[in-house]
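Set out below in structure tokens:
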């Protein structure tokens with residue numbers, strides 16, 4: 456059952472001081488602290504990045520690509536997440552940001568909001584024809600897709616089979632550029648400018664087990680400083696003209712609710728933050744949300760603008776996108792793809808995922824159901840004997856996980872602080888028993904002398 | 133087949149009538165247990181719906197109740213007993229769309245008259261008995277070995 460999972464997070468054991476903040480923050484209970492160091496249970500990790508945010512020692516490192524990666528390619532294109540547009544003040548619009556990226560060394564920079572707009576239309580088309588079980592779930596956030604694969608395998612068929620804008624854009628760009636410059640597609644490097652580390656795994660190990668059209672991901676946080684200086688020299692378009700190039704349907708993909716806004720006639724839900732998503736998914740499992748057509752879910756609070764690799768305060772950046780949409784609405788600027796063109800592409804299966812996403816449920820307690828049931832019962836018995844205060848001092852995130860770790864032989868019952876007095880008592884009792892034994896032995900060993908004395912005395 | 137010596141897990145949960153804030157927590161715990169032992173996802177989906185609907189019936193109509201899960205390698209068994217008003221006409225209650233839910237419950241999205249029919253639809257074996265003024269007992273089986281499905 457063991458399988459290698461690529462993760463975009465690494466634990467630096469040198470820096471880790473075992474403060475357990477990551478272990479407590481992890482929503483899938485994928486972290487244990489053993490011998491004072493944090494370690495990951497690979498099959499449980501969904502790469503949400505919560506641990507990166509809370510680590511006080513900087514010991515959890517997101518694995519994104521360095522700038523140097525660009526040199527591997529003959530021609531490079533930056534494809535920034537629309538969340539990048541939210542990182543700067545209100546006056547700095549996408550055209551300037553894209554120009555700045557080119558100055559940084561990319562041969563071209565591509566506006567993903569436009570593709571997002573196309574995909575919004577494609578989702579509308581799909582929802583219109585769809586007759587199966589509901590609600591359908593967005594796959595824009597790779598953490599959400601992984602959460603479903605790992606914790607909600609029975610919901611896997613609800614993931615919408617429409618590909619993500621970043622993949623569609625990268626595919627399109629490679630085809631176009633290779634024709635334009637007479638290069639092989641592999642000579643063209645498509646780099647996503649990412650607000651979170653999880654996009655990195657969706658590139659290295661796509662959920663549907665295919666190959667990503669993207670070649671790497673650079674963190675917004677790494678690009679931000681150089682980009683800010685690069686933009687200084689960029690000549691400014693008039694505000695109005697810059698606005699006219701923004702696709703109102705696509706720009707909203709940077710924040711939660713952005714897709715739902717484009718599906719106005721549909722009964723849709725937008726949810727962000729893993730704890731909230733888990734509540735919604737529980738409701739879907741219970742069959743409670745069958746009247747909802749579409750659920751847009753982002754693991755980061757407020758959507759991609761809340762990613763752990765962004766710079767700007769989440770609420771400021773959320774607000775910037777919202778205000779931009781309001782301005783575009785007010786000015787009646789659409790700059791969106793032509794829906795008739797999108798329908799044509801849709802009919803050619805242009806937007807569909809190339810493979811099916813398969814579940815990857817957690818390994819059960821035992822391969823044999825009967826043994827698994829026995830272990831589950833023992834786990835419950837151990838759990839009942841624990842203090843249930845989830846202190847985490849044992850190195851497991853809560854008492855229930857600890858009970859499981861004990862059953863699976865990955866922890867000792869005496870790792871629980873509250874079991875220590877009991878252990879002392881057991882040891883003390885053992886000592887007393889040994890002591891009693893030794894007294895007995897002494898009596899025995901002395902008895903012949905006594906007997907001798909007695910005998911002598913008698914004599 | 134002799135099931136007498138097989139491993140078995142029994143757990144009983146209390147349900148408080150009218151406690152909408154925690155409604156659904158029992159079915160969530162049961163779902164977690166089924167996932168941990170590696171029950172097939174499609175079966176978990178059915179069991180989740182049954183557990184949730186049965187739990188909600190207690191929350192909505194009864195004063196209190198207990199939910200007992202008994203899991204063996206051959207079957208999932210739920211037994212839900214409540215102290216409540218009981219059901220005067222079970223045949224009527226089993227009809228789709230029949231509901232005695234209040235306006236408030238409907239506002240919250242419950243009481244579409246699908247609860248009991250939904251449980252029956254997702255169960256392999258379904259027993260119900262009720263005493264007016266005393267309470268209701270539901271016994272639901274989902275079989276895990278297809279050959280035992282009668």
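Protein chains in written order, with the working numbering: chain A, 456 to 914; chain B, 133 to 282.
Yeah, the Cβ is synthetic: ideal placement off N, Cα and C, and Gly gets one too.
Computed from a prediction, not measured in an experiment: that's the story for all the values here.
- [ ] Count the other CB atoms, across all protein chains shown, that sit within 10 Å of the CB of residue 684 of chain A; report buried if there are 16 or more and exposed otherwise.
- [x] exposed
- [ ] Compare the beta carbon distance of residue 267 of chain B and residue 214 of chain B with 7 Å and say whether it is the shorter of the two.
- [x] yes
Task: Outcome for residue 220 of chain B when other beta-carbon atoms lying within 10 angstroms are tallied against a minimum of 16 - done: exposed
Open item on the list: At the 7 Å Cβ level, is residue 623 of chain A part of the contact set with chain B, yes or no?
Closed with: no
Task: For residue 551 of chain A, the three-state DSSP class (helix, strand or coil) - done: helix
Task: Straight-line Cα distance separating residue 777 of chain A from residue 641 of chain A - done: 37 Å
Open item on the list: Beta-carbon within less than 6 Å of residue 488 of chain A's beta-carbon, same chain only, minus the 5 sequence neighbours each way: which residues are those?
Closed with: 473, 475, 478 and 850
Task: Length of the line joining the Cα atoms of residue 265 of chain B and residue 844 of chain A - done: 40 Å
Task: Opening and closing residue of the beta strand (DSSP E) in which residue 619 of chain A lies - done: Neither: residue 619 of chain A is in no beta strand (DSSP E) and is coded neither H nor E.
Open item on the list: Nearer than 6 Å: is that true of the beta carbon of residue 786 of chain A relative to any heavy atom of the ligand ZN?
Closed with: The ligand content of the structure shown is nil, which means the ligand ZN is not present either.
Task: Between the CA atoms of residue 524 of chain A and residue 436 of chain A - distance to the nearest angstrom - done: Residue coverage of chain A in this structure runs from 456 to 914, which leaves residue 436 of chain A outside it and unanswerable.
- [ ] Pull out every residue of the stretch 807 to 840 of chain A whose Cβ sits closer than 9 Å to any Cβ of chain B, in chain order.
- [x] 814, 816, 817, 818, 819, 820, 821, 822, 823, 824, 825, 826, 827, 828, 829, 830, 831, 832, 834 and 835
Open item on the list: Which residues in chain B have a C-beta closer than 7 Å to the C-beta of residue 741 of chain A? List them in chain order.
Closed with: 156, 159, 180, 181 and 184
TODO: Below 8 Å on the Cβ atoms is my guess for residue 659 of chain A versus residue 597 of chain A; work out the distance and round it to an integer in Å.
DONE: At roughly 11 Å, the Cβ-Cβ gap does not stay under 8 Å, so residue 659 of chain A and residue 597 of chain A are not in contact.
Open item on the list: In chain order, what are the residue ranges of uninterrupted beta strand (DSSP E) at least 3 long that sit wholly in the stretch 511 to 585 of chain A?
Closed with: 515 to 517 and 530 to 535
- [ ] Could you confirm whether any beta carbon from chain B is found closer than 7 Å to the beta carbon of residue 608 of chain A?
- [x] yes
Task: CB contact flag (residue 578 of chain A, residue 617 of chain A, <7 Å) - done: yes
Open item on the list: So with CB distances below 9 Å, who are the chain A contacts of residue 163 of chain B?
Closed with: 737, 740 and 741
Task: Three-state secondary structure (DSSP) of residue 139 of chain B - done: coil
- [ ] Give the residues from the stretch 192 to 206 of chain B that approach chain A closer than 8 Å (Cβ to any Cβ), ordered along the chain.
- [x] 203, 204 and 205
Open item on the list: Going by beta-carbon coordinates alone, are residue 514 of chain A and residue 709 of chain A separated by less than 7 Å?
Closed with: no
Open item on the list: Beta-carbon within less than 6 Å of residue 532 of chain A's beta-carbon, same chain only, minus the 5 sequence neighbours each way: which residues are those?
Closed with: 563, 565, 628 and 645
TODO: With a threshold of 16 other CB atoms inside 10 Å of the CB of residue 636 of chain A, please say whether the residue is buried or exposed.
DONE: exposed
- [ ] Compare the Cα-Cα distances from residue 571 of chain A to each of A:556, A:600, A:590 and A:536 and report the closest residue.
- [x] A:536
TODO: List the residues of chain A whose Cβ lies closer than 7 Å to the Cβ of residue 176 of chain B, in chain order.
DONE: 609
Open item on the list: I want to verify the contact list: residues of chain A whose CB lies under 9 Å from the CB of residue 173 of chain B, in sequence order.
Closed with: 607, 608, 609, 610, 611, 814 and 816
TODO: Using a Cβ cut-off of 8 Å, pull out every chain A residue sitting near residue 139 of chain B, in sequence order please.
DONE: 825, 826, 828, 829 and 832
Task: Supposed contact pair residue 703 of chain A and residue 794 of chain A - C-beta distance, whole angstroms, cut 8 Å - done: So it is not a contact: roughly 13 Å between Cβ atoms.
Task: Residue of B:218, B:182 and B:174 minimising C-alpha distance to residue 160 of chain B - done: B:182
- [ ] Give the interface partners of residue 168 of chain B over in chain A, defined as CB-CB distance under 9 Å, in chain order.
- [x] 817, 819, 820, 827, 830, 831, 834 and 859
Task: Close beta carbons around residue 581 of chain A, own chain, < 7 Å, minus the five adjacent residues each side - done: 615 and 617
- [ ] Report the rounded CA-to-CA distance for residue 457 of chain A versus residue 495 of chain A, giving the unit in angstroms.
- [x] Per-residue confidence for residue 457 of chain A stands at a pLDDT of 45, beneath the threshold of 50, marking its modelled position as unreliable; the derived number appears in the next sentence. The alpha-carbon atoms of residue 457 of chain A and residue 495 of chain A are separated by roughly 14 Å.
Task: Neighbouring residues, chain A, relative to residue 143 of chain B (Cβ below 8 Å) - done: 835
TODO: Label residue 834 of chain A either buried or exposed according to how many other C-beta atoms from any shown protein chain fall within 10 Å of its C-beta, with 16 as the threshold for buried.
DONE: buried
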